[in-house]
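Protein chains in written order, with my numbering: chain A, 1 to 525; chain B, 526 to 1050.
Built from N, CA and C at the ideal position, the CB exists for glycine as well.
Please read all numbers here as calculations on a predicted model, not as lab measurements.
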């Protein structure tokens, strides 16, 4: 069923001569299928189709877009076992995880379907006319969000389904009314093609204009570069490394017409453990953290890479316990060779840094990621910014502060983060207002007495934080608000009612929530 | 009363040796006052104060911020005549306009005060916990918008009050909870200092932390560059030229930590006149447009620089009538020497372009901006992108299309715009769906049977459009939503109720609108 071809709109194409093979990360060997890198012409054709499809698709009602999204979800499930097996072989992720991720992918599509069917997400805002206002009459002004144009989505290595071909970026862009061109991730192109075939089936069943979706392969950077610099592409979504996200951000900003890039990049997700909490819960904290550090061999954006502690009676016992859990944990297959090599290199670099004490590692097996916990004193950490960098994988650095003041200094030195976790008794947290103020400036999400892994997909989720966690902290890539990345306000002044978008008409035909003359309501005008 | 010094927080400082004088644009002579360029140390001190003030100010309630904003409005009015006279001499704008602009400035401050006192702008979104959910419990998640950090605001030449020191950018940033450092516009530093003194008085009366506001002079680019590249500055707002906005955008993106820049830049604000409308309203359209082109000597962001027409029986008569109005109009003093020189140079360049026919100009007087209307056929316009550039001032280019198809081609060639205006009968507009679709992709605001000048300050206004109209079309610089530029979502997971921001507490103490478990309400939890 996997052809190795590109979807240029609804058509499979392989006009180029450059090919590559994907890697079976589960069995350490190359996979059989040959994938065709999209040619320059194929890339241009995909963007032209997207541009032309946009004008029709952007005017689709929420209900029509919802039906399309739900149909994609259904077609993904219809692929059945082949999708699960392909994703497992391309990512080395276990069956349970892939099935769970497929469920999440399907639910995300359904969540955005529900969001656009309900319709209030457009934030319709209306100020009615005041013809007799002095000194000049007030016009009728009505604003809502409309789709921004064709969006390029880059597949992520660590979520072959939920952050890739039909993942949250694609689902939110399609929901907004934007055509999507997916640059497939070279470590799971077969998974991508299968999911793409489901999207194309859904598009055909729902009479979606040809070009609303394309899927392009490339083992290098050429196709991605061409896409991001193409004048008819209007936005970019990416989940991956800081280097990758920054390169796309720079490309996009250096265009004649700069465009927005939402890149969700690195994060060390610091966990601050306050002493009273540690004293009473040493073992529980250690086992919870060990579980979070090793979950999915540490290959989550929200993996806790930093544990920040204050000297106290329980600290040694906490570190010993965490180290023991890590020693007992199993090393594991990583998502692809590049990620494994990076992990080994960055882990080694970290172990070689001055002042780093190895507290615990699991046993070593060639080619597998082995969970590792190290520690360092806060003054060394503060003075060496190399220690602040993310080691993507099951690695965590414990920072030992002499006192709260030093903990505040550590927090102040951190770069932007997706999350920070506070392990604390309520009373001791209330006393640390300064610490909380500093941490709040750095993060997108704050967790109390939990672990950072586990990102709920819902309206109140914020997945994105100050740079370098993401390129624009004002947006999220997870949850319903992810749609806001791909829409922009447009205002209609004194526009005839019959020509207004339905969301702004007097009749309020979809019964959406609107801000009318500064009051929230679902009423007609 | 004007000292020429800088406000470094609440203190007036002039430690540097570089000085300059402002120009009296109304009387073509230098003004008496000497202004001190802020030194490198003064800039650093202003940012340090802002950073430190941020941690306290960002936790201020909406009511406390509102009181501060209202107090600024009051203190601006308290300055009285001196402010009006200073602004008139520095900008050559007439008394009525300055008094009107002062009213707008005061009203913007009050509008943001009302917005943050009411409080729903934070978009509180709550998903309550489901402890018994299978396979894993659902956490309690609560999100709202918090201030982004210190913001640098650049004063605009064409609105010495409403888009400058205490203008919409400053008001929206202070409302969000961000300290503001204003880089004064060198053509109206005296106006800026007077307004700054009002802000500082209001800050002292309301116990606002020192550093929430600073005001820095410079006749060149050094202070602006230092501010935008300072690691503790978190966002930038600018209204002005494409070259200026783009330079700041590039500086901000090339920082180690890139930051957001909202630059509102150039726009030609095309007016599309459809033939049925033109036939019945030739004289009314011509006089209305002439008024919009010459208003404020054309020095508005929304000045109609392009008039796009279709050949028809009434076209010659429309052009003649518009030309006659322009010939009869008076040339006028421009905002400053730079703007006048630019206008003369760009106007001359445009008149020298191939295919340009001069339809009408007002009489020439040395140093004054003289209103000018020229025309060109659509095919020449399409093939020469130099004709698409803004000529900031009372200048408009009529583009003559053979038919609707050519009008669509012209629309398709345009860059991003703040506005587009459709002069049309409803019926003929309904028939031009393709034209409307193309125009919608290009603009932030669409006007029906009006003129683009006159930007209402309200919730439904969108002032910002696709690049190069602004650097991020997803935001506006006018209206209540301008506050969204300076705030970012933060999510609290399983956070103790007593430690949550008031807006997210179960009790909903401010009675704000919230999205709770995907339903809008003002209820408690």
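For the stretch 505-524 of chain A, the set of residues with a beta-carbon nearer than 7 Å to any beta-carbon of chain B comprises 513, 515, 518 and 520, in chain order. In its chain, beyond the 5 residues on either side, 84 and 88 have a beta carbon closer than 8 Å to the beta carbon of residue 95 of chain A. As for any beta strand (DSSP E) of minimum length 3 sitting wholly inside the stretch 74-136 of chain A, the runs are 125-127, ordered along the chain.
Using a Cβ-Cβ cut-off of 8 Å, residue 975 of chain B counts as an interface residue toward chain A, since at least one Cβ of chain A sits closer than that to its own. In this structure, DSSP gives residue 6 of chain A an extended state, which the three-state scheme calls strand. Look at the beta carbons and you see the stretch 141-155 of chain A touching the stretch 165-179 of chain A: at least three pairs across the two are nearer than 8 Å.
Listed along chain B, the residues sitting closer than 7 Å to residue 460 of chain A by beta-carbon distance are 650, 651, 652, 666, 667, 668 and 1016. Under the three-pair Cβ rule at 8 Å, the stretch 42-54 of chain A does not count as touching the stretch 250-258 of chain A. For the C-beta of residue 971 of chain B, the chain A residues within less than 8 Å are, from N- to C-terminus, 490, 491, 492, 493 and 495. At a cut-off of 8 Å between C-beta atoms, residue 476 of chain A counts as an interface residue with respect to chain B. In the three-state DSSP reduction, residue 671 of chain B falls in the strand class (E or B). The beta carbons of residue 520 of chain A and residue 1045 of chain B sit about 7 Å from each other, so the pair counts as a contact at 8 Å. For a cut-off of 8 Å, the C-beta gap from residue 563 of chain B to residue 741 of chain B is around 4 Å, short enough to register as a contact.
Burial state of residue 297 of chain A is buried, judged by a 10 Å Cβ sphere holding 16 or more other Cβ atoms. In the three-state reduction of the DSSP assignment, residue 57 of chain A falls in the helix class.
For secondary structure counted as the alpha helix (DSSP H) over 4 or more consecutive residues, the stretch 391-450 of chain A holds these complete runs in sequence order: 404-413, 426-430 and 433-440. Assignment of residue 549 of chain B by DSSP, reduced to helix, strand and coil, places it in the strand class. At a Cβ-Cβ threshold of 8 Å, residue 1024 of chain B and residue 194 of chain A do not count as neighbours. The three-state secondary structure of residue 846 of chain B, taken from DSSP, is helix. When DSSP states are grouped into helix, strand and coil, residue 987 of chain B belongs to the coil group. Within the stretch 623-635 of chain B, the residues whose Cβ lies closer than 9 Å to any Cβ of chain A are, in chain order, 625. Residue 41 of chain A is classed as exposed because its beta carbon has fewer than 16 other beta carbons within 10 Å across all chains shown.
DSSP places residue 860 of chain B in the coil class of the three-state scheme, outside both helix and strand. Of all alpha-carbon atoms in B/569, B/558, B/716 and B/583, the one lying nearest the alpha-carbon of residue 687 of chain B is that of B/716. Taking a Cβ-Cβ threshold of 8 Å, none of the residues of chain A is close to residue 849 of chain B; the smallest such distance is about 25 Å.
The closest CA to that of residue 367 of chain A, considering only A/61, A/92 and A/503, is found on A/92. By the criterion of a C-beta distance shorter than 7 Å, residue 850 of chain B is surrounded in its chain by 811, 812 and 815, once the five residues flanking it on both sides are discounted. Bounds of the alpha helix (DSSP H) holding residue 906 of chain B are 903-908. Residue 312 of chain A and residue 1022 of chain B have their C-alpha atoms some 28 Å from each other. Between residue 875 of chain B and residue 834 of chain B, the C-beta gap is not smaller than 8 Å, which leaves the two residues out of contact. Assignment of alpha helix (DSSP H) within the stretch 218-269 of chain A, counting only whole runs of 4 or more residues, yields 222-229 and 242-253 in chain order. In the same chain as residue 885 of chain B, and ignoring 5 residues on each side of it, the C-beta atoms closer than 6 Å to its own belong to 848, 851, 852 and 898, in chain order. Residue pairing by DSSP places residue 36 of chain A opposite A/19 in a beta bridge.
Within chain B, the residues 981 have their CB atoms less than 7 Å from the CB of residue 138 of chain A, given in chain order. Beta-bridge pairing by DSSP links residue 357 of chain A to A/375. Between the C-alpha atoms of residue 482 of chain A and residue 729 of chain B there is a straight-line separation of about 41 Å.
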